[in-house]
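Before any comments, here is the structure.
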Amino acid sequence: MTVSLAIVGAGSRGGTYAGYAEHFPDRARVVAVADPRSDYREALADRHGVPAADRYPSWQALATQPRLADAVVIATPDREHAEPVARLAALGYHVLLEKPMAPDEAACEAVVEVAERTGVLLAVCHVLRYTPYTDTVRQLVTAGAVGEIIGVEHLEPVGWWHFAHSYVRGNWRRADESSSSLLAKCCHDLDWLQYLVADTPTQVSSVGRLNHFHPGNRPADAADRCVDCRVESTCPYSATRFYADCLADPGRHVWPLSVLTRDLTEQGVREALTHGPYGRCVYASDNDVVDHQTVTVSFSQGATATLTMSAFTPGGHRRTRIMGTRGYLEGDGERVIHTDFVTGRTTTVEIATSGADAGSGHGGGDHGLMAAFVEAVATGDRSLVRSGPRESLDSHRMVFAAERSRLSGGAPVRLRPPVLPDQRTGATTVTG
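If you count the sequence shown from 1, position 243 lands on 250 in this note's numbering, and the numbers rise without skipping.
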């Protein structure tokens, strides 16, 4: 069965998930696109040969039609998730929902309620669960390579340029317009830690703040825009230099450059930097999300895990250290190094990255997620999706608890026991 898809949100993420159909046309095909930005909508629809009648100026316009696809990919802005889920699930669409589910706990609960009431398959894009790297780490842990997990250290190295692009100048710069940077960037890191430890989180604490990207750190001679700035050439966050480098590299045209403009010429980029948000000085923007944050999670069997999200790193894969009673694992997305405490031996496992699935974004997670979702829709086997709606809700609750802790000065926040779905019966069970 070839699964038909409607894409709601034709930006970077919507385009990425739609790209699965280009690699695997026998498994999926895009039959409709909805986006209020005509240039993005038409470009994505053209790529997939979508008829003019099935190109919609909004998800609301799509929702006025009878269901025209097996499933919908919702990749709208963070604060525009809950309503399209409700309307489109009611029409019978299975739903792949970009993370985060919604910007607050009540809205996340509403998303889960809709999925359970309508009976549609809802998969949240926790792409880290679907990578070859994750499979390797989980297999080693399950096989007893570290014994009992005692502690985990996990780093999300956002990257200085990525943070400036997305969280200082970009769509996720303000919590009131999108969400906290922890929710936007790391809800699937906390989900991944819970998936790895395979235990119930009981307590969360967190510290962090907006350390650097504010007017107090603005150089004396800095201008409001990089194109006019006398100190731009020595600034690590120069938009002029960064986006010129992106323009010279075709591999960076889809992301991040196309977020600025569809006119991928020197003049087009210069125009975007002169008039658009991506040319602003990082010390003179309206951003308010934190740029460095640490979260500590306690689990019911005694293990602890720390997540550090930081702007002040090179970009790249997440890095993880797992400390156990019989061994130690250290991984960086491309390899896992295992130290066995009995033999003292150290073994390196290289992660296979060949093939379209493994070579896609997030270390293969984007296509891994799509493969699971499409197969689940085609076969009705929901267990192929590695995190059901309530598991996703539980991981989001960890983020909301971490933010409550951070805003209260790092005070620990107790978590209520999660409610996990039985994939075979649909029944739910309170654990812990």
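Note that the Cβ used here is the ideal one computed from N, Cα and C, for glycine as well.
These numbers were taken from a predicted model, which means no experiment stands behind them.
> Which runs of the alpha helix (DSSP H), 4 residues or longer, sit entirely within the segment 372-411?
Replying inline: Every alpha helix (DSSP H) of 4 residues or more that sits fully in the segment 372-411 is shown, in chain order, as 372-386.
> Which residue comes first and which comes last in the alpha helix (DSSP H) that contains residue 19?
Replying inline: First-last of the alpha helix (DSSP H) with residue 19: 19-30.
> According to DSSP, which residues form a beta bridge with residue 271?
Replying inline: Assignment of beta-bridge partners to residue 271 by DSSP yields no partner.
> Tell me which same chain residues have a C-beta within less than 6 Å of the C-beta of residue 181, skipping the five on either side of it?
Replying inline: Sequence-distant Cβ neighbours of residue 181 in its own chain, meaning closer than 6 Å and more than five residues away, are 295.
> Taking the C-alpha atoms as reference points, what is the distance between residue 16 and residue 102?
Replying inline: 13 Å
> How would you call residue 29, buried or exposed, if buried means at least 16 neighbouring beta carbons within 10 angstroms?
Replying inline: For residue 29, the number of other beta carbons within 10 angstroms of its own is below 16, and it is reported as exposed.
>> From the DSSP secondary-structure annotation, give me the bridge partner or partners of residue 299.
In response: Bridge partners of residue 299: 216, 317.
> Given that a residue counts as buried once 16 or more other Cβ atoms are within 10 Å of its Cβ, and exposed if not, what is residue 161?
Replying inline: buried
> What is the DSSP secondary structure of residue 155, counted as helix, strand or coil?
Replying inline: coil
> Among 186, 347, 359, which residue has its Cα nearest to the Cα of residue 340?
Replying inline: Restricting attention to 186, 347, 359, the CA atom closest to the CA of residue 340 is found in 359.
>> Report the CB separation of residue 413 from residue 214 in whole angstroms; it is logged as a contact under 8 Å.
In response: Residue 413 to residue 214, Cβ: 6 Å. Contact.
> Does the separation of the CB atoms of residue 73 and residue 320 fall below 9 Å?
Replying inline: no
> Quick one: Cα of residue 210 to Cα of residue 353, how far?
Replying inline: 33 Å
> Quick one: is residue 3 buried, meaning 16 or more other Cβ sit within 10 Å of its Cβ, or exposed?
Replying inline: One cannot answer for residue 3 here, as it falls past the ends of the chain, which runs 8 to 439.
>> If I measure Cβ to Cβ from residue 250 and keep anything under 6 Å in the same chain, skipping five residues before and after, which residues do I get?
In response: Closer than 6 Å at the Cβ level, and outside the excluded window around residue 250, lie 276.
>> Between the segment 344-351 and the segment 183-201, can you find at least three pairs of beta-carbon atoms closer than 8 Å?
In response: With a cut-off of 8 Å on Cβ pairs, the segment 183-201 is not in contact with the segment 344-351, counting fewer than three such pairs.
> Apart from the five residues just before and just after residue 252, which ones in its own chain have a Cβ nearer than 7 Å to its Cβ?
Replying inline: none
> Does DSSP put residue 308 in a helix, in a strand, or in coil?
Replying inline: coil
> Which first and last residues belong to the beta strand (DSSP E) in which residue 38 is found?
Replying inline: 35-41
> Apart from the five residues on each side of it in sequence, which residues of its chain come closer than 8 Å, Cβ to Cβ, to residue 384?
Replying inline: Cβ contact annotation for residue 384 (same chain, cutoff 8 Å, sequence separation greater than five): 10, 77, 78, 101, 128, in chain order.
> Taking just the CA atoms, how far does residue 140 sit from residue 166?
Replying inline: 20 Å
> Per DSSP, what kind of secondary structure is residue 225 in: helix, strand or coil?
Replying inline: coil
>> On the DSSP bridge list, what partners appear for residue 58?
In response: Looking at the DSSP assignment, residue 58 forms no beta bridge with any residue, so it has no partner.
> Closest by CA to residue 179, which one among 238, 309, 284?
Replying inline: 284
> Sorted by chain position, which residues of the same chain lie with C-beta nearer than 7 Å to residue 143's C-beta, five sequence neighbours on each side aside?
Replying inline: Cβ neighbours of residue 143 beyond the five flanking positions: 343, 356, 358.
>> Can you list, in chain order, the residues of its chain with a C-beta nearer than 8 Å to that of residue 92? Leave out the 5 residues immediately preceding and following it.
In response: 81, 102, 104, 118, 121, 122, 129
> Whole-angstrom Cβ separation of residue 393 and residue 136, contact assumed at under 8 Å?
Replying inline: 4 Å
>> With three or more C-beta pairs closer than 8 Å as the rule, is the segment 196-209 touching the segment 305-313?
In response: These segments touch.
> Run through DSSP, which three-state label would residue 13 get?
Replying inline: strand
> Are the Cβ atoms of residue 329 and residue 203 separated by less than 9 Å?
Replying inline: yes
> Which whole runs of the alpha helix (DSSP H) in the segment 71-114 are 4 residues long or more, in chain order?
Replying inline: 89-97
> Who are the Cβ neighbours of residue 271 in its own chain at under 8 Å, not counting the five residues just before and after it?
Replying inline: 254, 260, 264, 265
> Just reading off the beta strand (DSSP E) that residue 335 is part of, what are its end residues?
Replying inline: Where residue 335 is concerned, the enclosing beta strand (DSSP E) starts and stops at 334-338.
>> Tell me the rounded alpha-carbon separation between residue 35 and residue 48.
In response: 19 Å
>> Quick check on the DSSP output: what are the complete beta strand (DSSP E) runs of length 3 or more inside the segment 230-297, in order along the chain?
In response: If you keep only unbroken beta strand (DSSP E) runs of at least 3 residues inside the segment 230-297, you get nothing at all.
> residue 343 lies in the beta strand (DSSP E); which residues open and close that run?
Replying inline: In the DSSP assignment, residue 343 falls within the unbroken beta strand (DSSP E) covering 342-347.
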